[in-house]
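Student: Under the working numbering, read the sequence shown as residues 2 to 301, first letter to last.
Glycine included, each C-beta is placed from N, C-alpha and C at the ideal position.
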Amino acid sequence: MTTESYEILVHAGAHCCEAEDFQRFIGVNRDAIIAAGYDLAYPGRGGAPGGTFDCAFPEPRHVGLAAEAFSSQMTDAIPAPDEGRRGLILSEHDLAGRMASLLNGRFYPAARSRAEVLRSALGQPVDHLVIAVVPYDALYVGAWRRFALDRLVEPFAEYATAMANFSGGWVEVVEALRDGLEASRVTVLATRPHPLEIMAHLVPGLRLNDPLMSASAPPVTDSAVAMIQRHYRQGARFAPGQRDRILAFHSRQPQTGIEQGFAGLQLADLRGRYVADLDTLARIPGVDLIGGAMPAVAAE
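1. Output the residue ranges of the beta strand (DSSP E) runs that lie fully inside the region 77–145 and measure 3 residues or longer, sorted by chain position.
2. How big is the Cα-Cα spacing for Leu-150 and Ala-218?
3. Kindly list the residues whose CB is nearer than 6 Å to the CB of Trp-171, restricted to its own chain and excluding five residues on each side of it in sequence; keep chain order.
4. Would you call the CB atoms of His-94 and Ala-201 closer than 8 Å?
5. Should Gln-24 go down as buried or exposed, given a rule of 16 or more other Cβ atoms within 10 Å for buried?
6. Is it buried or exposed, Arg-246, if we count other Cβ atoms within 10 angstroms and call 16 or more buried?
7. Whose CA, out of Arg-113, Gly-88, His-16, lies closest to the CA of Met-100?
8. Can you name the start and end residues of the alpha helix (DSSP H) that Asp-223 belongs to?
9. Please identify the residue among Val-175, Arg-147, Phe-157 whose C-alpha is closest to the C-alpha of Arg-108.
10. Count the other CB atoms within 10 Å of the CB of Thr-162; is the residue buried (16 or more) or exposed (fewer)?
11. Alpha carbon to alpha carbon, how far is Asn-166 from Ile-285?
12. Indicate whether Arg-146 and Val-221 have their beta-carbon atoms separated by less than 8 Å.
13. Using the C-alpha atoms, what's the distance from Ala-237 back to Val-288?
14. Using three-state DSSP, classify Ile-34 as helix, strand or coil.
15. Tell me, please, which residues DSSP counts as bridged to Gly-292.
16. In the DSSP assignment, find the alpha helix (DSSP H) that holds Asp-319 and state where it starts and stops.
17. Give me, in chain order, the residues of the same chain whose beta-carbon lies closer than 7 Å to that of Gly-106; leave out the 5 immediate sequence neighbours on both sides.
18. Check each candidate in Arg-31, Gly-265, Tyr-39, Thr-257 and name the one with the smallest Cα separation from Ala-225.
19. Assuming Leu-178 and Ala-116 form a contact by the criterion Cβ under 8 Å, report the distance between their Cβ atoms to the nearest whole angstrom.
20. Taking the beta strand (DSSP E) that Ile-9 belongs to, which residues open and close that run?
Below is the structure:
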C-alpha cells in the first residue's frame with residue numbers, strides 16, 4: 002500500500018501506558034474519525050473493551066503472538082486506502098512485545114522485529130510514531146498485577162530481582178520501533194496521557210466535535226489481585242465479566258498500602274535509570290519528548 006498523500010500514524014501502545022483508554026476512545030469515536038477521512042486499524046487483541054472496536058483476529062490478553070502469526074495478523078488487519086482518504090490511524094497495544102518478557106527482566110527484546118513486521122505489512126514508512134512511557138517501577142508493578150489477572154503467578158518478590166536488573170529499556174525500545182517502522186517523526190509522551198492528548202499529538206490536524214469519552218477501566222488493586230490469585234489456587238474458573246466485577250468492587254475499597262513493590266535500593270536505581278533514559282531520549286535527533294520525570298522522582 003503506497004500513496005504519497007496517505008499518512009501512516011502509529012500509536013505503539015505499551016503495558017500500563019494508557020493504551021487501553023486510548024483504544025476505547027477510538028472505539029466510541031470511530032464513526033467521527035472515519036468521517037474525518039482516516040482509516041482505522043487495531044490489529045491486537047479481539048477488539049477494544051466493550052466491543053466498540055471490531056477486530057477479526059482475537060488474541061488472549063497479554064499472551065502475544067509468534068512472529069509468523071503476528072505477521073499474518075498485521076497484514077490482514079490493515080485496510081487498503083481508498084481514493085481521497087487522509088491516512089491510517091493504527092493503535093497496537095502489544096507492538097513492542099509480550100508482557101512475559103518484562104517479568105523475566107527482558108525489556109521488550111522483540112520490539113525491532115515486530116516493528117519490521119508491521120512496516121512490511123504497511124508497505125511504506127510510518128509518518129508519525131507516538132509512544133507513551135512510564136517509570137520503570139510503575140511499569141513492572143503494574144505488569145505483574147495485570148499478568149496476575151489471567152493466571153496463577155508467583156509472588157511479586159520472586160520476580161523483583163530480575164526486573165530490577167533488567168536489560169534494555171525505553172531508549173532501546175523507542176529506537177527499535179523508530180528504526181523498524183522507518184518512522185519519520187517520533188513523539189514520546191513521558192506522562193499519563195489522556196486519550197485526547199494522545200490523539201492531538203498523533204493526528205494534529207484532526208478535530209473532533211464533541212468527542213465521546215468512555216469510562217476508564219477500574220484500577221488493578223492489591224486486594225483484587227489477592228482475591229483473584231486465591232481463586233486460581235483453588236482451581237476455580239471465572240464466569241464472563243466476573244473478574245471485571247471484582248476489579249470494580251475492590252477499586253472502591255480502602256487499600257492497606259502497597260503489598261508488592263521494590264526494595265529501597267532497587268526503587269532508587271529504577272527511578273534514577275528512568276530519569277537518565279528520559280534525558281537520553283530528549284537528546285536523540287528526530288525524537289520529541291513531551292513531559293518528563295516528576296520533580297519528586299527526579300529529586301530522589
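Tutor: According to the structure data:
1. 88–93, 129–133
2. 14 Å
3. Val-134, Asp-278
4. no
5. buried
6. exposed
7. His-16
8. Note, Asp-223: alpha helix (DSSP H), 223–234.
9. The sequence shown places Phe at residue 108, not Arg. Comparing Cα-Cα distances from Phe-108 to each of Val-175, Arg-147, Phe-157, the minimum goes to Val-175.
10. Residue environment for Thr-162: exposed (fewer than 16 other C-beta atoms within 10 angstroms of its C-beta).
11. 24 Å
12. yes
13. 47 Å
14. Helix, per DSSP.
15. Ala-191
16. No information on residue 319 is available, as it lies outside the stretch 2 to 301 that the chain covers here.
17. Ala-163, Met-164, Asn-166, Phe-167, Ser-168
18. Looking at the Cα atoms, Thr-257 is the closest of the given residues.
19. Correct: roughly 5 Å between the Cβ atoms.
20. 8–13
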